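Engineer:
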Amino acid sequence: MPKVLIVGGGGREHALADALHRGPQAPQILVSPGNAGIVAPWRRAPASDVDGWVDLAKAEDVDLVVVGPEAPLVAGLADRLRAERVPVLGPSAAAAELEGSKTFAKEIMTAAGVPTARWGSFTDVETATAFARSLPMAVVKADGLAAGKGVVVADDRQQAEAAIAASLDGAYGEAGRRVVVEERLIGEELSVMALTDGQAVAVLAPSQDHKRVGEGDQGPNTGGMGAYSPTPRATASLLAEIEATCLRPVVDELGRRGRAFSGVLYAGLMLTDDGPKVLEYNVRFGDPEAQAILPRMQSDAYTLFRAVADGRLDPSTVAFDPRAALTVVLAAEGYPSRPRTGDPIQGLAEAAGRPNVRVFHAGTALDESRVVTAGGRVVAVTGLGPRLRDAATEAYDAVSLVSWPGMHYRRDIGHRALEPAAG
Ligand code: AMP
Ligand code: GLY
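The sequence shown finishes on residue 1015 if you use the working numbering, and the numbering steps up by one all the way, no holes.
1. In chain order, which alpha helix (DSSP H) runs of at least 4 residues are fully inside the segment 641-671?
2. Put G811 into one of helix, strand or coil per three-state DSSP.
3. For R677 and H613, I'd like the C-alpha separation in whole angstroms.
4. By DSSP, does H953 sit in helix, in strand, or in coil?
5. Between W711 and V784, is the Cβ-Cβ spacing less than 8 angstroms?
6. Given this structure, state the Cα-to-Cα distance separating V951 from V971, to the nearest angstrom.
7. With DSSP run on the structure shown, which of helix, strand or coil describes G1015?
8. Mapping DSSP to helix, strand and coil, what is Q883?
9. Out of T974, D865 and V706, point me to the one whose CA is closest to R888's CA.
10. What do you get for L958, buried or exposed, if any count of 16 or more other CB atoms within 10 angstroms of its CB means buried?
11. Would you list, in sequence order, the uninterrupted alpha helix (DSSP H) runs of no fewer than 4 residues that lie entirely inside the segment 774-821?
12. Under a three-way DSSP split, which group does T919 fall into?
13. Hey, quick one: how far does the beta strand (DSSP E) through Q620 stretch, first residue to last?
14. Since L976 sits in a beta bridge, which residues does DSSP pair it with?
15. Measure from the alpha carbon of A794 to the alpha carbon of each residue in R840, A609 and L993, then state which is nearest.
16. On the premise that G660 lies in contact with G602, defined as a C-beta separation below 8 angstroms, what is that separation, rounded to the nearest angstrom?
17. How should R849 be labelled, buried or exposed, when 16 other C-beta atoms within 10 angstroms of its C-beta is the threshold for buried?
18. Just checking, does the segment 862-875 make contact with the segment 818-838 on the three C-beta pairs under 8 angstroms criterion?
19. For E807, verify whether its CB is less than 7 angstroms away from any heavy atom of the ligand GLY.
20. DSSP three-state label for L958, please.
21. Report yes if the C-beta of P664 is less than 7 angstroms from at least one heavy atom of the ligand GLY; otherwise report no.
22. Within the present structure, is the beta-carbon of E774 separated from the nearest heavy atom of the ligand AMP by less than 7 angstroms?
23. Can you tell me where the alpha helix (DSSP H) holding L1010 begins and where it ends?
24. Taking the straight line between their C-alpha atoms, what separation do you get for G626 and G790?
25. For E699 and F912, what's the separation of their Cα atoms in angstroms?
26. Please indicate yes or no: does the CB of A709 lie closer than 7 angstroms to some heavy atom of the ligand AMP?
27. Secondary structure at G847, three-state DSSP: helix, strand or coil?
28. State the CB to CB distance for the pair A709 and L777, rounded to an integer number of angstroms; the pair is presumed to be in contact (CB under 8 angstroms).
29. Look up I937 in the DSSP assignment and say whether it is helix, strand or coil.
30. Cβ of D844 versus every heavy atom of the ligand GLY: is any distance shorter than 7 angstroms?
31. Are the CB atoms of Y927 and T814 nearer to each other than 8 angstroms?
32. Using the Cα positions of E835 and G934, report the straight-line distance between them to the nearest angstrom.
33. Taking 7 angstroms as the cut-off, is the C-beta of N874 nearer than that to any heavy atom in the ligand GLY?
34. Do G768 and A792 have their C-beta atoms within less than 8 angstroms of each other?
35. Does the distance from the C-beta atom of D879 to that of G816 stay below 8 angstroms?
36. Quick check on DSSP: helix, strand or coil for I630?
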């Protein structure tokens, strides 16, 4: 029986464990650091840095490491594992710079001819501000990793200029001492992830994320309050176009630069009137997009991920359940600014016991034998059904069983796809 180490401790990593577990290979699963959802026969191991995970992978003699979050990839975890001959799903630090530096990502897009917003990269306020003034509407992004913060979609000139000054002044630490300023794009957002071994590209089921904390896309940005898959906007021809214009060219460009990308390549896109344009790349599964697409994956996750790690990905082996999935994130009081932790959670087992539902833990911990909140995004509940509307019913019926003091969630996940089309 193969053994897999999953690095990370959120809902995405719980969904990865679930996907790996379901396949015919049914590997032994170890999650580090994991959360309270990782229960026997799975195991948890405490580690929190590259050295710790490399030691763990060696000590446990694992057959595959799947890296959930971006920070360990940017810090070189995959390189260290490859040096130890441990197969890993995740790119090298050189390829992960695609997420680690927005300037680098923009340079790659420009060189590869990928459609994206007009941009500039700056370290001083005057030139950044002058460029922002040349754009109809500006978006200001800290260059480095800023834990999902660091992007300001400005509504007016003052906001853009304040964002430039704040970032360059150290609001996001070193990550923001350089900023990318770009044109604000208008349209609907779409997430498209692909597996690639640097040669073959296998596009996964498309999904849509909901970044704002409040219903109707109001309030501050979050890591993501819900997701659904598939999306009616992402037709087969649009996905083929996205593969050809937004995914394949970056894989090739990185290869030409000696930074071959192996792992999960995630394109965050805006569907504009001029066609799809890339907002950003991530170098890993999205969270909560993974909680919506992995339950639909019919291919054996272990076999598929190992094939990517070994450089022998065959895109024809990737298959998805035609049913729809819809994921609702349940968040703690105070999320996203100051989530309260330590609240006991009721109803998880009842929700998880329903057919067509999967409950993924994110910020949870065990307090004696009780499961308590331990982060901002606490649990993700995914419903599956023949149509998106059925998946939503399954998900929200299960959500109604879960509670803790201060729990909040959006009741409108999937609204764009569920509302009758306007016009
Ligand atoms: P990013 O981390 O680059 O994906 O940015 C976070 C969010 O900001 C995206 O999901 C979009 O909602 C928004 N965003 C980023 N870039 C742009 C842009 N050029 N135009 C409009 N919205 C954007
Ligand atoms: N949900 C967006 C992300 O994972 O970056």
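Just so you know, even glycine gets a beta-carbon here, dropped at the ideal spot from N, CA and C. These figures come from a predicted structure and were not determined experimentally.
Structural biologist: Result, derived from the coordinates:
1. Within the segment 641-671, the complete alpha helix (DSSP H) segments at least 4 residues long are 642-651 and 662-666, listed from N- to C-terminus.
2. DSSP, reduced to helix, strand and coil, places G811 within a strand of the structure shown.
3. So the two alpha carbons sit approximately 24 angstroms from each other.
4. Assignment of H953 by DSSP, reduced to helix, strand and coil, places it in the strand class.
5. Taking a C-beta distance under 8 angstroms as the contact criterion, W711 and V784 do not qualify as a contact pair.
6. Going from the Cα of V951 to the Cα of V971 covers about 7 angstroms.
7. Only weak support is given to the placement of G1015: the predicted model assigns it a pLDDT of 37, under 50, and the question is left unresolved by the model.
8. Helix, per DSSP.
9. For R888, the nearest C-alpha among the options comes from T974.
10. The residue is exposed, with fewer than 16 neighbouring Cβ atoms inside 10 Å.
11. Within the segment 774-821, no complete alpha helix (DSSP H) run reaches 4 residues.
12. Strand.
13. Counting along the chain, the beta strand (DSSP E) containing Q620 begins and ends at Q620 to P625.
14. According to DSSP, L976 bridges with A917.
15. The closest CA to that of A794, considering only R840, A609 and L993, is found on R840.
16. Going by Cβ atoms, the distance from G602 to G660 rounds to 7 angstroms, so yes, they are a contact pair.
17. By the neighbour-count rule (16 or more Cβ atoms within 10 Å), R849 is not buried but exposed.
18. Touching, yes.
19. Checking every heavy atom of the ligand GLY against the Cβ of E807, none is found closer than 7 angstroms.
20. It is a strand residue.
21. Outside the cutoff, so no.
22. In terms of side-chain proximity, the C-beta atom of E774 is found nearer than 7 angstroms to a non-hydrogen atom of the ligand AMP.
23. Start and end: H1007 to L1010.
24. Between G626 and G790, the C-alpha separation is close to 29 angstroms.
25. Counting only the Cα atoms, F912 lies some 33 angstroms from E699.
26. For the ligand AMP, at least one heavy atom lies less than 7 angstroms from the Cβ of A709.
27. The answer is helix: DSSP assigns G847 an H, G or I state.
28. About 5 angstroms separates the two Cβ atoms, so the contact holds.
29. Assignment of I937 by DSSP, reduced to helix, strand and coil, places it in the coil class.
30. No.
31. Contact: yes.
32. Each residue's Cα considered, the two are about 43 angstroms apart.
33. It does: the Cβ of N874 is within 7 angstroms (strictly closer) of some heavy atom of the ligand GLY.
34. No, the pair does not count as a contact, with Cβ atoms beyond the cut-off.
35. Yes, these two residues count as a Cβ contact at 8 angstroms.
36. Note: I630 maps to coil in three-state DSSP.
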